[in-house]
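Numbering (our numbering), first residue to last: 273 to 703. Accompanying notes for the structure given below.
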């Protein structure tokens, strides 16, 4: 019985031995495959790192000038513009000037038909003569009544008051008073008639419309034969601009920019009529009063403009750049240099399969939490007025803290004791 049992065990062991050797072979093959894959992975990563190194685009640090400007749009206007009208109604007889004509102060511009007014003058002069005749008549009447009153006074003295009667004496006194009043009325009528003559003669001189200033005729709104009605409001017949060699530019400035503007600041502007030309101007007035249009608050600003060649015309639309701050001979860098971040740039151009073999085998969710640059762990940004740029030194970016100054949207003023002209400033990482 024992001999049979030992024989069975021996047969079982012999039958199991080939199976165990087969499993060992499979394990060895699997280990070799894993080692081969790992070796290939590390070789490819090393080769890729060796072949694709970081390349930075740089620009040499240089000095220059920079200015901060406020842009505003407005229209050109004459420094002094006068609207010429007529105080009188009438029919236009002649027009002596046209638009663009240069005129001097007192020069006739147009003439109204004076026929009716001349007739009124003749009539008023006749009224003066009639009033003067009534004055002479009143003087004679007064003289007569005063003489009669004197005789009654003498008679009263001679008769010891018995003659004339009191009623007759009072009547003589009243007659003298009435004659004296009639004379004053006649004299006043003469003055009124003479004043009417003067008014009519003054109106006659106004029938010729004259220029009140030296300047240029901008508009003309009257033609010969046209009726001018000045009953309620003086009609606008001419618009004259004074000295177009000096003009003003009225621009509207936004509420956010008005605090930067001040009298005396320089500006440059262009107009559509001369797109390749820049004109200079100077701020002469910044309004305190605001204008609200569609809930947008703006302030009117006046600039003086020289127009010696008369290339600018009233009403032209101009876009002005007002220089509110400037700096000379300062270090300037491209705004791209202030935005450059080596970590972000490297992450943007890094291969997607970069990392260890185990990291590549891990699920994406677990790998996310292993990142060094995850949100919340980055460095705080520079404070207000401070920034950082990166200098390429020995092939590697080196951080440099700088103080930020003026910017024009493309370049920014920077300052630091460590800055040197010609330093290679990194703009971005080339892919």
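Every residue, glycine too, gets a C-beta built ideally from N, C-alpha and C. All figures in this text were calculated on a predicted structure; none of them were measured in a lab.
Round the Cβ separation of residue i and residue j to the nearest angstrom and send it over; I've been treating them as touching at under 8 angstroms.
i	j	result
residue 346	residue 570	About 10 angstroms separates the two Cβ atoms, so there is no contact after all.
residue 501	residue 361	5 angstroms
residue 473	residue 393	6 angstroms
residue 328	residue 670	Contact flag wrong, Cβ pair sits at about 11 angstroms.
residue 351	residue 515	7 angstroms
residue 559	residue 339	At roughly 24 angstroms, the Cβ-Cβ gap does not stay under 8 angstroms, so residue 559 and residue 339 are not in contact.
residue 454	residue 413	6 angstroms
residue 444	residue 421	5 angstroms
Going by beta-carbon coordinates alone, are residue i and residue j separated by less than 8 angstroms?
i	j	result
residue 694	residue 685	no
residue 673	residue 658	yes
residue 462	residue 407	yes
residue 399	residue 465	yes
residue 511	residue 534	no
residue 710	residue 699	What is shown of the chain runs 273 to 703, which leaves residue 710 out entirely.
residue 586	residue 381	no
residue 378	residue 483	yes
residue 496	residue 367	yes
residue 427	residue 436	yes
residue 750	residue 508	In the structure displayed, the chain extends from 273 to 703; residue 750 sits before or after that span and is not available.
As a quick exercise: from the options, pick the residue whose alpha carbon is nearest that of residue i.
i	options	result
residue 383	572, 480, 363	480
residue 332	668, 664, 581	664
residue 341	699, 595, 605	595
residue 506	540, 607, 357	357
residue 537	577, 376, 548, 547	577
residue 681	605, 669, 517	605
residue 388	402, 404, 365, 375	365
residue 667	697, 375, 444, 369	697
residue 584	566, 521, 675, 603	521
residue 469	564, 582, 679, 390	390
residue 553	613, 580, 444	580
residue 611	661, 401, 430, 452	661
residue 410	353, 355, 452	452
residue 615	326, 471, 675, 310	326
residue 336	679, 689, 602	602
residue 385	370, 503, 499, 491	499
residue 551	428, 613, 687, 519	519
residue 503	306, 683, 353, 359	359
residue 397	344, 424, 509, 471	471
residue 683	509, 334, 371	334
residue 372	582, 404, 311, 564	582
residue 491	557, 353, 478	353
Is residue i near the ligand FMN, with its Cβ less than 7 angstroms from a heavy atom?
i	result
residue 337	This structure simply doesn't include the ligand FMN, nor any ligand for that matter.
Three or more C-beta pairs under 8 angstroms: does that hold for the region 443-459 against the region 482-497?
Result no; under three Cβ-Cβ pairs closer than 8 angstroms.
Using 8 angstroms as the cut-off, can you tell me whether the region 415-424 makes contact with the region 433-449, which would need three or more C-beta pairs spanning the two stretches below that distance?
Segments in contact, yes.
Which runs of the alpha helix (DSSP H) spanning at least 4 residues fall entirely within the region 413-496, listed in chain order?
Within the region 413-496, the complete alpha helix (DSSP H) runs of at least 4 residues are 438-478.
Would you call the region 580-596 in contact with the region 533-545, where contact means no fewer than 3 C-beta pairs closer than 8 angstroms?
Judged by Cβ distances under 8 angstroms, the region 580-596 makes contact with the region 533-545, as three or more pairs qualify.
So, does the region 510-527 touch the region 563-582, judging by three or more C-beta pairs under 8 angstroms?
In the pairwise beta carbon analysis, the region 510-527 is classified as touching the region 563-582: at least three pairs are separated by under 8 angstroms.
Note down, one range per segment and in chain order, each beta strand (DSSP E) of at least 3 residues found wholly within the region 352-412.
Counting only unbroken stretches of 3 or more residues, the beta strand (DSSP E) elements lying wholly within the region 352-412 are 362-367, 380-384, in sequence order.
Would you list, in sequence order, the uninterrupted beta strand (DSSP E) runs of no fewer than 3 residues that lie entirely inside the region 534-595?
Correct list: 538-543, 546-565, 568-578.
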